[in-house]
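Per our numbering, residue -7 is the first one in the sequence shown, and the count goes up by one each step. Idealized CB from N, CA, C, for every residue including glycine. Each remark here refers to the structure printed beneath this line.
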Amino acid sequence: MSESFDFVVVGKGMMGAAAARHLSLAGASVALVGPDEPEDWASHGGVFASHYDNARITRTIDADPVWARLARRSIDRYPEIADASGMDFYFESGCLIAAPAPGGDFDYLEKVERARDRLGVEAPLIGGGALAKRFPWFRFAAGHAGVHEASGAGYINPRALVRAQTKAAERQGARIIRSEVVSVSEEVEQVVVATADGRAIRAGRVLVAAGGFSLSTALLARPIDLDVKARSVLFAEVGEDDLPGFEGMPSLIVAAPEQEKSYYLLPPVAYADGKHYIKIGGDPTDRVLAGEPAVRDWFRSGGSAEAASHMDGLLSEVMPRFKPVSTHFSPCVTSFTRHGYPYIGFASERVAVLTGGNGQAAKSSDEIGKLGAMLAMEGRLNASEYETDFAVAFQ
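Next comes the structure, spelled out in structure tokens:
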């Protein structure tokens, strides 16, 4: 079976689905290609995605102005995506970033304040005893302060966001092909994308948005410089009778000079099993996965019990009164680029790259996808308002 389009987006994740929505919104013929989430991770032999979850923090406040702007523009379009798809995915619980108070050697909160002020975001600095009174769920170390963004922040359901972006793109005329891509072959006047179910999809340009699986040489003949790191997340079950006590709890990011003391957590979120979980992430060390097969193996592994135990300790420290009914953990991956921002650029004449979330892209994926769509349509990226060129680095 052969079909032809102006553009093919490889990867039905958060960036890829967003790019397909923006391409179809512009009137282009586009195919979005990628499999659905597997039912059984342990036995699945194909690709995975890091959006297989119900909760990711969203906020504008950030220590980096590029990420703050990417987030702000994406968050502003959440209602547009919901209206276009008829699906909800955003929960405005607010977000608190806590760290050593301004004035010391660790200037993280000062950077957050500067980025906040550039974008005109309402997010006051709260310190000392006021922090403990305002957020009674948490206990912070002495000398900590926090920047609190009450509105326009909270968390998104990434599974639901991908469904919403995909549905909106489909309503605008995009073709959704739920199959794994096995090869991308560039020819003289077109690119041929082959799928596991035997399709040959042709396009003038292809946008590879495959996350950590962008390491595959079957997708990109010229390998990109991308570190894909193994991550684990811990889920702590909240008893049904305890849920009212968490009303008003924001998402939380704790920043520290040491990686092992830095983490994030979210308020209780409902999952498919009907239970509510507080999710915490923050691996104490890095493990770089050596190649695309290793990424598949990591997703099938179930995650790291050692990292989960570390996160359980962090959770006990910051929420000492919370007693989980149960806990379990799950694997994830995070893709890091050389410059710390997404790669948005061409790998060859007709094949472009859109990948590298650097642990911050879920909330910002619509703007990243829009930039990828602009690149595909115009043949170049015009984003002078950002303090980076998003250039692709190769091995």
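Problem set entry | Inter-stretch contact (C-beta, 8 Å, three-pair minimum) for the segment 49 to 66 and the segment 137 to 144 | Yes: the two stretches touch, three or more of their Cβ pairs being nearer than 8 Å.
Problem set entry | The beta strand (DSSP E) enclosing H14, as first and last residue numbers | Here H14 belongs to no beta strand (DSSP E); instead the alpha helix (DSSP H) covers 6 to 17.
Exercise. Which same chain residues, not among the five before or five after A34, have their C-beta less than 8 Å away from its C-beta?
Worked result: Correct list, in chain order: R292, G294.
Exercise. Ends of the alpha helix (DSSP H) at P57?
Worked result: Here the alpha helix (DSSP H) through P57 covers 57 to 68.
Exercise. Among Y147, V1, A9, G37, which has the Cα closest to the Cα of I245?
Worked result: Restricting attention to Y147, V1, A9, G37, the CA atom closest to the CA of I245 is found in Y147.
For this session: Thinking A41 and G203 are a contact (beta carbons under 8 Å), I'd like their distance in whole angstroms, please.
Result: Sure, about 6 Å apart at Cβ, within 8 Å.
Exercise. Name the DSSP bridge partner or partners of V225?
Worked result: According to DSSP, V225 shares a beta bridge with G273, S322.
Exercise. Who pairs with T187 in a beta bridge, going by DSSP?
Worked result: Bridge partners of T187 according to DSSP: V173.
Problem set entry | Option in F205, I270, E102 with minimal Cα separation from P247 | For clarity, residue 247 is Ala in the given sequence; the question names Pro instead. Comparing Cα positions, the closest option is E102.
Exercise. According to the neighbour-count rule (16 or more other Cβ atoms, all chains shown, within 10 Å of its Cβ), is Q251 buried or exposed?
Worked result: The residue in question, Q251, is exposed, as its Cβ has fewer than 16 Cβ neighbours within 10 Å.
Exercise. Roughly how many angstroms lie between the CA atoms of M6 and P334, to the nearest whole one?
Worked result: Spanning the two alpha carbons is a distance of roughly 13 Å.
For this session: Output yes or no for whether 7 Å exceeds the beta carbon distance between R220 and S322.
Result: Per the sequence shown, the amino acid found at residue 220 is Val instead of Arg. In this structure, S322 does not lie closer than 7 Å to V220 by Cβ.
For this session: Compute the Euclidean distance between the alpha carbons of L363 and G283, then round it to the nearest angstrom.
Result: Computed Cα separation, rounded: 27 Å.
Exercise. Can you name the start and end residues of the alpha helix (DSSP H) that P285 belongs to?
Worked result: In the DSSP assignment, P285 falls within the alpha helix (DSSP H) that extends over 284 to 293.
Exercise. Which residue or residues does DSSP assign as beta-bridge partners of V280?
Worked result: Secondary-structure assignment with DSSP links V280 through a beta bridge to K221.
Problem set entry | Beta-bridge pairing of F382 - partner residues as DSSP gives them | Its beta-bridge partners do not exist; DSSP assigns none.
For this session: Decide if the segment 369 to 381 is in contact with the segment 210 to 230; the criterion is three or more beta carbon pairs, one per stretch, under 8 Å apart.
Result: No, because fewer than three Cβ pairs between the segment 369 to 381 and the segment 210 to 230 fall closer than 8 Å, the two stretches do not touch.
Problem set entry | For A76, three-class secondary structure by DSSP | Three-state DSSP puts A76 in a helix.
Exercise. Would you call the CB atoms of V183 and A201 closer than 7 Å?
Worked result: Taking 7 Å as the Cβ cut-off, V183 and A201 do not qualify as a contacting pair.
For this session: Report all residues from its chain with a CB closer than 7 Å to the CB of I168; omit the five preceding and five following residues, and keep chain order.
Result: When the five nearest sequence neighbours on each side are left out, the beta carbons in the same chain lying within less than 7 Å of the beta carbon of I168 are those of L24, T158, E162, in order along the chain.
For this session: Go ahead and pull the three-state DSSP assignment for H43.
Result: The answer is coil: DSSP assigns H43 none of H, G, I, E or B.
Exercise. How do the segment 13 to 28 and the segment -2 to 5 stand: do at least 3 beta-carbon pairs fall below 8 Å, yes or no?
Worked result: Touching, per the Cβ criterion.
Exercise. Are the CB atoms of L285 and C87 nearer to each other than 7 Å?
Worked result: Looking at the sequence provided, one finds Pro at residue 285 rather than Leu. Not a contact, by the Cβ cut-off of 7 Å.
Exercise. When we look at the beta-carbon of P27 and count the other beta-carbons within 10 Å, is it buried (16 or more) or exposed?
Worked result: Buried: at least 16 other Cβ atoms inside 10 Å.
Exercise. What's the gap between the Cα of P94 and the Cα of A354?
Worked result: Each residue's CA atom was taken as its position, placing P94 and A354 some 28 Å apart.
Exercise. Relative to the alpha-carbon of Q352, which residue among L306, S66, L15 has its alpha-carbon at the smallest distance?
Worked result: When only C-alpha atoms are compared, the closest one is S66.
For this session: Just mark G37 as buried or exposed, buried being the case when its beta carbon has 16 or more other beta carbons within 10 Å.
Result: In the assembly as shown, G37 is an exposed residue. Its beta-carbon has fewer than 16 other beta-carbons within 10 Å.
Exercise. I think D198 touches R13, with their Cβ atoms under 8 Å apart; what is that distance to the nearest whole Å?
Worked result: The sequence given here places Val at residue 198; Asp does not occur at that position. Actually they do not touch by this definition, with Cβ atoms about 17 Å apart.
For this session: Would you mind reading off the limits of the beta strand (DSSP E) that contains T347?
Result: T347 -> beta strand (DSSP E) spans 343 to 347.
Problem set entry | Exposure of K397, with buried meaning 16 or more beta-carbon neighbours within 10 Å | Since the first residue of the chain shown is -7 and the last is 387, residue 397 is not available in this structure.
Exercise. With burial defined as no fewer than 16 other Cβ atoms inside 10 Å of the residue's Cβ, what is the status of D75: buried or exposed?
Worked result: With a threshold of 16 other beta carbon atoms within 10 Å, D75 falls short and is exposed.
For this session: List the residues that DSSP assigns as beta-bridge partners of I118.
Result: Paired residues: G138.
Exercise. Which of the three DSSP states, helix, strand or coil, is assigned to A91?
Worked result: DSSP, read as helix, strand or coil, puts A91 in strand.
Problem set entry | Check whether L211 and V176 have beta carbons under 7 Å apart | The Cβ-Cβ distance between L211 and V176 falls below 7 Å.
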